[in-house]
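Enquirer: After the structure tokens below, expect a handful of questions from me.
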Amino acid sequence: MNEIKTVCVYSASSTQIAPVYFEAADELGRLLARQQIRLVNGAGCLGLMGAVSDAVLSAGGQVTGVIPAFMVEQGWHHRGLTDLIEVPDMHERKQRMAQLSDAVIALPGGCGTLEELLEIITWKQLGLYLHPVVILNTNGFYDPLLQMLEKAIAENFMRRQHGDIWQVAATPAEALRLVRTQPVWDVSVRKFAAI
248 MNEIKTVCVY
258 SASSTQIAPV
268 YFEAADELGR
278 LLARQQIRLV
288 NGAGCLGLMG
298 AVSDAVLSAG
308 GQVTGVIPAF
318 MVEQGWHHRG
328 LTDLIEVPDM
338 HERKQRMAQL
348 SDAVIALPGG
358 CGTLEELLEI
368 ITWKQLGLYL
378 HPVVILNTNG
388 FYDPLLQMLE
398 KAIAENFMRR
408 QHGDIWQVAA
418 TPAEALRLVR
428 TQPVWDVSVR
438 KFAAI
């Protein structure tokens with residue numbers, strides 16, 4: 248079992264999405280707080296990002312948000328977080344979130360969330376991030392991406408071993424079980440980074 252103290256959660260900032268996604272974000276937040284796991288996210292106040300933060304905080308948990316200065320200037324930041332870390336740009340934001348985390352869980356989201364998820368998968372493939380990566384596939388949202396990743400493996404754009412970089416969960420409880428039980432990688436994974 249992995250000792251998980253902090254989980255980075257990637258998620259949407261859209262407010263126009265189905266309630267099922269908000270319900271999963273709320274449940275994940277409450278479970279994180281109950282298990283005394285700190286949430287790290289992008290510090291946004293809207294959508295699933297805001298919802299998971301609110302759920303953690305309302306259940307007595309702690310949230311560290313990492314956000315670029317230009318987003319703070321726009322007023323997009325959550326004002327009630329335990330800690331708010333302001334950084335110069337998006338690249339530093341993603342790097343800091345990864346550095347602070349013992350695992351990543353990706354909730355559904357748009358281009359930003361997809362980009363974060365694919366980047367952390369790439370970092371793990373290269374041995375730059377060794378912790379568990381879990382895709383929370385609420386409502387089958389990630390089915391097309393998972394099919395695309397499987398196609399990349401099947402057509403030798405990735406090795407079969409790369410399919411072990413991520414795990415897929417159907418529920419928030421399963422996602423947290425997977426971050427505790429998915430093996431932490433060793434830097435020696437770099438030996439099969441290239442095809």
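Per our numbering, residue 248 is the first one in the sequence shown, and the count goes up by one each step. We put the CB at the ideal spot given by N, CA and C, even for glycine. For clarity, every value in this text was computed on a predicted model and none was experimentally measured.
(1) Within 10 Å of its beta-carbon, does LYS371 have 16 or more other beta-carbons around it, so buried, or fewer, so exposed?
(2) By how many angstroms is the C-alpha of ALA265 removed from the C-alpha of GLY356?
(3) Go through its chain and collect everything with a Cβ distance to PRO315's Cβ below 7 Å, but skip five positions before and after it.
(4) Looking at C-alpha atoms only, which residue of GLN346, LEU396 and LEU295 is the closest neighbour of HIS378?
(5) Any idea what DSSP makes of ASP330, helix, strand or coil?
(6) Using C-beta distances below 7 Å, list every residue in its chain close to VAL319, excluding the 5 sequence neighbours before and after it, in chain order.
(7) Report the rounded CA-to-CA distance for LEU331 versus LEU396, giving the unit in angstroms.
(8) Take ALA444 as the anchor and find which of VAL254, ALA422, GLY374 and TYR389 has the nearest alpha-carbon.
(9) Can you tell me where the beta strand (DSSP E) with TRP413 in it begins and where it stops?
(10) Only counting the same chain, and skipping five residues up and downstream in sequence, which positions put a Cβ closer than 6 Å to that of LEU328?
Expert: With the structure as the only source:
(1) Per the 10 Å Cβ criterion, buried.
(2) Taking the straight line from one Cα to the other gives about 12 Å.
(3) Within the same chain, VAL334, PRO335, ASP336, MET337 and ARG340 come within 7 Å of PRO315 by CB-CB distance, once the 5 residues on both sides are set aside.
(4) The residue from GLN346, LEU396 and LEU295 with its alpha-carbon nearest to that of HIS378 is GLN346.
(5) The answer is strand: DSSP assigns ASP330 an E or B state.
(6) GLU333
(7) The alpha-carbon atoms of LEU331 and LEU396 are separated by roughly 34 Å.
(8) This structure gives no information on residue 444, because the portion of the chain shown stretches from 248 to 442.
(9) Element bounds for TRP413: 413-416.
(10) VAL310 and GLY312
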